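J.:
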Amino acid sequence: MEKESASSRQSKLEFVINNISQAVIAFSSRNEIVLYNRPAKKLFKVKEEIMGRHFSALTQDEGLRKLMHEALLRGEDGEFSYVLGSKDLNFKVYSFKSREGAEIEHIVLIADLTKERAAIRQKIEFFANASHELKTPLTTMQGLSEILLAKCSDEGERSRLQRIYKESKRLSSLVQDMLYISDLESGRAERREEDVDLGAVIVEVRQEYSHQAQERGLTITTEGGGKVRAEYRGIYEIAGNLCSNAVHYNVPGGRVDMSVVEQDGGLLLTVKDTGIGIAPEHLPKVCERFYRVDKSRSKKTGGTGLGLAIVKHVCNVSGAKLEIKSREGEGTCVTVFFPKSKVVLD
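Encoded structure:
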């Protein structure tokens, strides 16, 4: 009866897996293939039975073999991307704690994202090209308005020129952010990693925003430190954009606390404020490009709407984990965790 029950369960499992559009492969604790569906067979062009064989029987591609070996060896849930031939694939690995008699220890879901990522690349190219086209005329506009301001004595004319200068400067900042995020997304950004002192970065950021903080009656504090192996500009963009948001979306007499502490062998950068906070429905979208929770307030602060999008992308390329927690009327706490592999020991 038990054999029939097990057989029935196996049949149901195979039926479900074979009717999933994504490729699915299950592995034993010895990394042997114990289950795979039709999409997996089609994706890897399987022509002979591979059940019970090592995962390397799936493909001759050494790069993919190496990534799969590392993912299964870790024994943790994870995700990675790989281009196999003309296909842009996303692998999600789910690992389970070994149980006595358990046959399946890892399940891998493989999605073919070739079309989706091609469309994203086209958008990135358009975004970058448009930014490049805007850069030169805006620089010219800003420079000319600056020259005219220096020579103008009429108050009415000066007021209009100052507005032109201010708006051209804001648009130039927007274009710079657009170009930077396009380079991050496309992988074109030149990344020169070095030992970056997080403590020194947050102190420098505090100094940059001290004048704006004083105008709003805010206090900015910094505490802690530690070094990570990363690109300096990217780390400064993270701390700078987070501090900028904390200052601009704060309340009179509020606080912005920036700190770096050790956690689980890594380093945790925290930027916490006592500001207006973010409603729960907005939190999932705040890292999208040009997403604004309060459009009228954003316009007054002169932000580009790309700050958190840049933070998210820099975290992705730096191997850091971004987390945002917020309560309306209480404030926001943003943490960026740099794993042990990124920490530089003195």
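Here the sequence shown is numbered in the UniProt record's numbering, starting from 1 and rising by one per residue. C-beta: ideal position from N, C-alpha, C; glycine also. On a predicted model such as this, the values are computed, not experimentally measured, just so you know.
#1: Leaving out five residues before and five after Glu193 in sequence, what residues of the same chain have Cβ atoms less than 8 Å from its Cβ?
#2: Can you tell me which of the three DSSP states Met1 falls into?
#3: When you compare only the Cα positions, how much space is there between Lys47 and Ser11?
#4: Can you give the Cα-Cα distance for Asp197 and Asp154, rounded to whole angstroms?
#5: Helix, strand or coil for Arg327, going by three-state DSSP, please let me know.
#6: When the Cα of Thr114 is compared with those of Ser173, Leu308 and Val83, which residue comes out closest?
#7: At what residues does the alpha helix (DSSP H) containing Leu72 begin and finish?
#8: Where Lys92 and Val311 are concerned, what is the direct C-alpha to C-alpha distance, given to the nearest angstrom?
#9: For a quick check, are the C-beta atoms of Phe27 and Phe55 less than 8 Å apart?
#10: To which residues of the same chain is Asp346 closer than 8 Å at the C-beta, ignoring the five residues directly before and after it?
#11: Leaving out five residues on either side along the sequence, give the residues of the same chain with a beta carbon under 6 Å from the beta carbon of Ile220.
#12: Under DSSP, the alpha helix (DSSP H) around Val314 begins and ends at which residues?
#13: Helix, strand or coil, according to DSSP, for Asn90 in the structure here?
#14: Take Ile17 and list the residues in its own chain whose beta-carbon comes closer than 7 Å to its own, dropping the five residues that flank it on each side.
#15: Apart from the five residues just before and just after Lys87, which ones in its own chain have a Cβ nearer than 6 Å to its Cβ?
#16: If I measure Cβ to Cβ from Glu116 and keep anything under 7 Å in the same chain, skipping five residues before and after, which residues do I get?
#17: Using CA coordinates, which residue listed in Ile181, Gly225, Leu89 and Gly217 is at the minimum distance from Val201?
T.: Short version:
#1: Arg229, Ala230 and Glu231, listed in sequence order.
#2: Because the pLDDT of Met1 is 43, which lies under 50, any placement of that residue in the model is unreliable, and the number read from its coordinates should be weighed accordingly. Looking at Met1 - three-state DSSP - the assignment turns out to be coil, as it is neither helix nor strand.
#3: Looking at the two C-alpha atoms, the distance is approximately 22 Å.
#4: 48 Å
#5: strand
#6: Val83
#7: Element bounds for Leu72: Glu62 to Arg74.
#8: 24 Å
#9: Between Phe27 and Phe55, the CB-CB gap stays under 8 Å.
#10: Lys227
#11: Arg206, Ala213 and Val256
#12: According to the DSSP assignment, Val314 belongs to the alpha helix (DSSP H) that extends over Gly307 to Ser318.
#13: strand
#14: Val24, Leu35 and Asn37
#15: Asp112 and Thr114
#16: none
#17: Checked all of Ile181, Gly225, Leu89 and Gly217; the closest Cα to Val201 is Gly225.
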